[in-house]
Amino acid sequence: MNPIFTALFIIATVIFATLAWKRFSLIRLGKEENRFDNIPARIVEMLLFAFGQKKVLARPFGINHSILFWAFLVLLLANGEFLLNGIFPAISLRLLITPISGPLVFLFDIVSMLALISILVAFARRIFFKPDYLDSKYVKGRSFEGFLILSFIATLMIAYFGYHAAEIALRGERLAAWMPVSTLAAGLYGGGCGSSGGCNNCGVVPWLIFWWWTHAAVLLAFMVFLPISKHMHILTAIPNCFFGSLEKVNTQPREEFAIGNSYGVEKVTDFSWKDLLDSFSCTECGRCQDSCPANATHKPLNPRQIIHTIKTNLMANAAELQSGSPVKTPLVGAEGEGTNTEEAIWSCTTCGACIEACPVLIEQMPKIIKMRRHLVQMKSQFPEELLNLFENMEQRSNPWGIAPTERTKWSSIMDVKSFDEKETEYLFYIGCAGTFDSRQKHVTVSLATILNAAKISWGVLGKDEKCCGDSARRLGNEFLFDKLAKENVELFKARGVKKIITQCPHCFSTLKNDYRQYGLEIEVIHHAELLQRLLAEGKIKPNREVKELGSIIYHDSCYLGRHNDIYEQPRDVITKVTGEEPKEFGKNRENAFCCGAGGGRMWMEEHEGERINVTRVKEALESSPDTICVACPYCMTMFEDGVKDVNSGNVRIRDIAEVVAEGLRPV
Amino acid sequence: MQIVACIKQVPDTTQVQIDPVTNTLVREGIPFIVNPYDTHALEESLRLRDKFGFNVTAISMGPPNAEATLRKALALGVDRAVLLTDRVFGGADTLATSNVLTEAIRKLGETDEVGIIFCGKQTIDGDTAQVGPGIATRLGCTQLTLVDKILELDPIKKRIKVSRKLEGRHEIVEAPLPVMITVVRELNRPRYPTVPGRLESMEREVEFWNNQTLKLDEQSIGLKGSPTWVSKIFSPQRDKGEMIGDGVHDPVGTANLLIDKLLSKDLLSI
Ligand code: SF4
Ligand code: SF4
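These protein sequences, in sequence, are chains A and F.
Position 131 of the first sequence, counted from 1, bears residue number 130 in numbering that gives the first Met the number 0, the numbering being contiguous throughout.
Position 131 of the second sequence, counted from 1, bears residue number 130 in numbering that gives the first Met the number 0, the numbering being contiguous throughout.
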C-alpha cells in the first residue's frame, strides 16, 4: 500500500462526497414530481442523449465535446485502475493476460491522444474564435474556471503519456507494443539506458515519479473541484437525461386549487427536484441563450441565466432552506446572480427553442411559467396590459373583450352550419383570432371555402365558442385557464364533438395536448395537416399552379413546429399548390425563430431591445421572397406588422389556406 | 373608521342588445359584471385600507344573484360585504335607491363610524350619476364628485383633499369627513384578485339585509318610492353608411375621395 497516496485519496474522496452530498440534499428539497415512470423509455432516452450525445452533435462543434465525453468514459476505466494501483501497487491491469490488457491499454493510449487533441481545439476555440453565446452575464467563456478545467484534463493526458513513456523508456512496460503514442513519447527521454535495475543513470526515473504524482495530484484535485464547478454536469447530465421529459414539453401541469394552497414558484424550493437537478446539470454551453428570440433581441431574458440563477440561489440560501428560515436571496426581484427579474420572466414567448437546443434535456421554459404562476396568482403582479386581457378572457371568453354574440359575424358572407353531432362530422373551432381579427377572418373564410370544396361535413359553435385559454396558461394564469378548459371540455362533450379542425396552432396545441389533462382525447387537426391530406387524397384539386404569389418563404410557427413536430405538411401544401418548394429561413424547422407573439406576448408591449417580429421579417427579406407564408394567426399579425415596420410594403403575408384557396378560385 | 364602497351589478352592456320590436333590453343570457366605475371605487377603498388600516365594507342593492358581485369584492379583499335585497326594494329609481343605501350606511355607522363613502361616478346601465350625490344629500355629508386623485387624507383631523376632474380643468378641493366621493377611472388601476383571495371569498359570508333590517317606509322605496320610471329604451336610428371609391383597385384615389368628403363636412378641423 502506498500510504501517502492512500491518505490523499481518502481526503479527496471525503471532500468530494461532502460537496456532492450537499448538492444532492439540496436537490431533495425540491417538490415531488414523478419522473420514474416508463423506465425502459427513460433508459433509451439516456442512451440516446447522454451516451449517444444526440443533441450535442446537433451543432458542428459538438463533435469535439462528444470525443471528450466518450474519451472520458473509456478513461474512467484507466483512471480507476490508476487509483487502485496507486493504493495497492501490486494490483495492475498488467496482471491480466495480454489479449485482454493489451487491447485495453491500446484503447487508453489512443483515446488519451484524441482527448488531448480535443482539449487543444477547445482551448483554441475559447481563445481565438469564441462564439458570443459562450458568455452570459455571470459566466464567461474565457473564465478562469473554464481554462482550469481544460488545463486539468490536458495535464492529466500529458502526465498519462509522461509516466507511461518513462516506464517504456525504462523498459518497465510489458505492454509497450500496445502503446504507440506513449512509445513515441518515450523517444523524448532519449531511449533510456536499457537496464531495468533502477539505476537512474539515464535520468528518466525522476520523470517517472514526477509524471505519476502529477497525474495523481490532478486527478484528485479534479475530483475535489468537480462538484463546485460547472463540470458537475459530468455527474448530473446522465441522470438528467434519464429523468428528462419523455414527451414534448408543450403543456404545463395542472394546479390543484384549494384554500390554503400556494401556486407557482416563489422560492427556489417551490421548484420540483427535477428543476433543481436541471440547474446542476447545466453545462453553460450557451446554446439555449443562442436560440432564444428574447435574448437575441436584447430583452432582459436569457434562459441559461434562468437555470444558473436557480443553482446560485439554491446554494446561496442553502442553510436557510435547510433549516426552514426565511431566505436571504430572493428568487425573483432586483437583478442579481441568484435572482431573476420580473422583466426577464415576462419576456418569454414560450417558443421552446431553449428546450430544443439543450444538449442535456434541461427544460427552461416551464420554470419561467412556474414563476409567472406565482406572480399572477399569488401576487397579482403582472404587466399592466394583461389586466384587460385576463378580464376579457374571463368575462367575454376572448382576448379582445368583444361580445360573444359577435362570434358569428365573420360568417355573414357565407352559409355556415352549426355543429350538430348527428349532421356534422367536424367541429371547425374558429378560435378568437379567426373570429375577431379582421385580417385573420380572411383566412377563416378561405379555409371554410376549402372545406366546402372538399365536401367535408363541418359546423361551428357560433356564439357558444369560447377561448381555448392558451395565453392564460402560458402567462401563468392557471386559475383562468382551468376555468376555460373545463368549460370547453364540457361543451365539446355535451355537443358530442369527436373531431376538431383548428386554424390556430395555439388552439390546436391547447385542445390537443393541454386538454388531455381534462379528459379530452379526441382528434384535433390543424389545417396544415388537413390541407396536406386533402391535396394528397385528391379531395381538393387546384385549378392551376398558383404563381401570382411569386416566391414564397415559409415560417414555422413554434406551436405547430417545435411544440408539435408539424414541419413538412405545410411545406408540402405550398409545393403542391404552387409547383415549387418554398424558400427557407436560415433558422427553420426545429431551429425556427419565433414571431414574438407566443406565451401571451401577443398582448404585451415590447419595451426593450429590437422587436422580435421585425428581426424575423428581416431574416425573411434576406432571401427576397414575394410572399411570407404562415400557418398561425399570431404569426400573421406579427408579420403583417413587421413588414410595415421595415417598409417592405411589397412583400405579402399569406396563410397557407389562402394559398390553397387561391388555387381553387375559378380561372 | 370605516370606508363604504357602493357597488352595483350591471349587465355587460357591450353584450346587451335592444329588441327591435319591443324596444327593451334583451337581458337573457347576458353576463353580469361589476359596474366598471365601481371597481375603481373599490380599489381606492382598499388602497386607503392598506395604508391606514380602515375597515372596508362593500354594499350593493340588487336581486339575490347580485351576491356574485359582492363575492368579487370579497375576493379583492374587502372586510365585509352586505347585499341589500328585498322584493320591496325592486323597481327603484335613483331616489329610492339612494334611500335604501343611505339607511344601510347609517346602520353600518352604528358600530363603526363611516368616514368615506366611495361610489363610481355613474353606472353603465343607468348612466344617471345621481345615486352617489343622493346618498350624500340624504346623509347630509360633503360630496366630492368626479374625483381622480386623493391628495391627502388626515384621519385624525378628519380632513381630505382631492382633485376633481372636470371638463378641461382640475379642481383641488379640501373637505371635512365624512365625505361621499364619486370616482372616475383615472383615479387608479384596479387590482386583480389573487387565487387565494378568490377561493376564500367563496367561503366568506355575504350578509343579506332586507327591509326588516332597514325598516324603511315602503312609500320611500322600490317602485312606490320612485317618482321617475323608464318609459322606453331604443337605439337611435343611424343612417346607412356609404361606399366610396374602390379601395382594392384604387387605394390612392379612394383615400383622396375620403379626405375630400371629410373636408366638405368639416370633420377634419380641430
Ligand atoms: S421559450 Fe423561447 S423565449 Fe422563452 S426562454 Fe426559451 S427560447 Fe427564450
Ligand atoms: S441550459 Fe442547456 S443549453 Fe442552456 S447553457 Fe445549460 S446546458 Fe446549455
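For every residue, glycine included, the Cβ atom is placed at its ideal position computed from N, Cα and C.
No experiment lies behind these values; they were computed from the predicted model shown.
Buried/exposed call for residue i, threshold 16 Cβ in 10 Å
i	result
Ala121 of chain A	buried
Asp555 of chain A	buried
Pro189 of chain F	buried
Gln376 of chain A	buried
Phe53 of chain F	buried
Phe48 of chain A	buried
Arg86 of chain F	exposed
Phe151 of chain A	buried
Gly599 of chain A	buried
Thr17 of chain A	exposed
Ala135 of chain F	buried
Phe35 of chain A	exposed
Leu245 of chain A	exposed
Met178 of chain A	buried
Asn387 of chain A	exposed
Ile3 of chain A	exposed
Met222 of chain A	buried
Gly240 of chain F	exposed
Pro175 of chain F	exposed
Asp18 of chain F	exposed
Contacts that residue i makes with chain F (C-beta to C-beta distance below 7 Å)
i	result
Gln680 of chain A	Lying before the first or after the last residue shown, residue 680 of chain A is absent from chain A, which here runs from 0 to 666.
Tyr262 of chain A	Val194
Phe389 of chain A	Tyr191
Residue interval of the alpha helix (DSSP H) (run including residue i)
i	result
Tyr633 of chain A	632-644
Arg163 of chain F	Here Arg163 of chain F belongs to no alpha helix (DSSP H); instead the beta strand (DSSP E) covers 158-165.
Asp147 of chain F	Segment 141-153 is the beta strand (DSSP E) holding Asp147 of chain F; no alpha helix (DSSP H) there.
Arg395 of chain A	384-395
His526 of chain A	526-535
Asp741 of chain A	The structure shown does not extend to residue 741 of chain A, since chain A is modelled only from 0 through 666, so no value can be given for it.
Trp20 of chain A	2-26
Tyr36 of chain F	35-51
Leu705 of chain A	Only positions 0 to 666 of chain A appear in this structure, which leaves residue 705 of chain A out of reach.
Residues that residue i contacts on chain F, provided the C-beta gap is smaller than 8 Å
i	result
Ala402 of chain A	Asp11, Thr13, Gln14
Gln669 of chain A	What the structure shows of chain A is the stretch from 0 to 666, and residue 669 of chain A is not part of that stretch, so it cannot be assessed.
Helix, strand or coil at residue i [DSSP, three-state]
i	result
Ser65 of chain A	helix
Leu276 of chain A	helix
Asn612 of chain A	helix
Glu173 of chain F	strand
Met601 of chain A	helix
Gln380 of chain A	coil
Cys506 of chain A	helix
Lys421 of chain A	coil
Lys310 of chain A	helix
Thr348 of chain A	coil
Pro88 of chain A	coil
Lys465 of chain A	coil
Leu94 of chain A	helix
Tyr159 of chain A	helix
Phe207 of chain F	strand
Partners in chain A for residue i, counting only beta-carbon separations shorter than 8 Å
i	result
Glu202 of chain F	Ile258
Arg188 of chain F	Glu383, Leu386
Glu109 of chain F	What Glu109 of chain F touches in chain A: nothing, since even the nearest Cβ is about 32 Å away.
Leu272 of chain F	Residue 272 of chain F falls outside the range modelled here, since chain F spans only 0 to 269, and no answer is possible.
Glu199 of chain F	Ile258
First and last residue of the uninterrupted beta strand (DSSP E) at residue i
i	result
Val113 of chain F	113-119
Asn54 of chain F	54-60
Chain A contact residues for residue i, given Cβ-Cβ distances below 7 Å
i	result
Leu262 of chain F	Under the 7 Å cutoff, chain A gives no residues; its nearest Cβ is about 26 Å from Leu262 of chain F.
Note to self: Can you pull out the residues from the stretch 376-387 of chain A whose beta carbon lies closer than 8 Å to at least one beta carbon of chain F?
What the structure shows: For the stretch 376-387 of chain A, which is checked against every Cβ of chain F, the residues closer than 8 Å are Gln376, Met377, Lys378, Ser379, Phe381, Glu383, Leu386.
Margin query: Counting only Cβ-Cβ distances shorter than 8 Å, please list the residues of the stretch 24-48 of chain F near chain A, keeping chain order.
Written below: Those would be Pro30, Ile32, in chain order.
Check: What residues in the stretch 66-86 of chain F have a beta carbon less than 9 Å from any beta carbon of chain A?
Finding: Those residues of the stretch 66-86 of chain F placed with their C-beta closer than 9 Å to a C-beta in chain A do not exist.
Note to self: Any C-beta of chain F within less than 7 Å: which residues of the stretch 476-492 of chain A qualify?
What the structure shows: In summary, the residues of the stretch 476-492 of chain A whose CB is separated from some CB of chain F by less than 7 Å are Phe478, in the order they occur in the chain.
Next item on the list: Could you please tell me which residues of the stretch 234-245 of chain F, in chain order, have their CB closer than 8 Å to any CB of chain A?
Entry: Residues: none.
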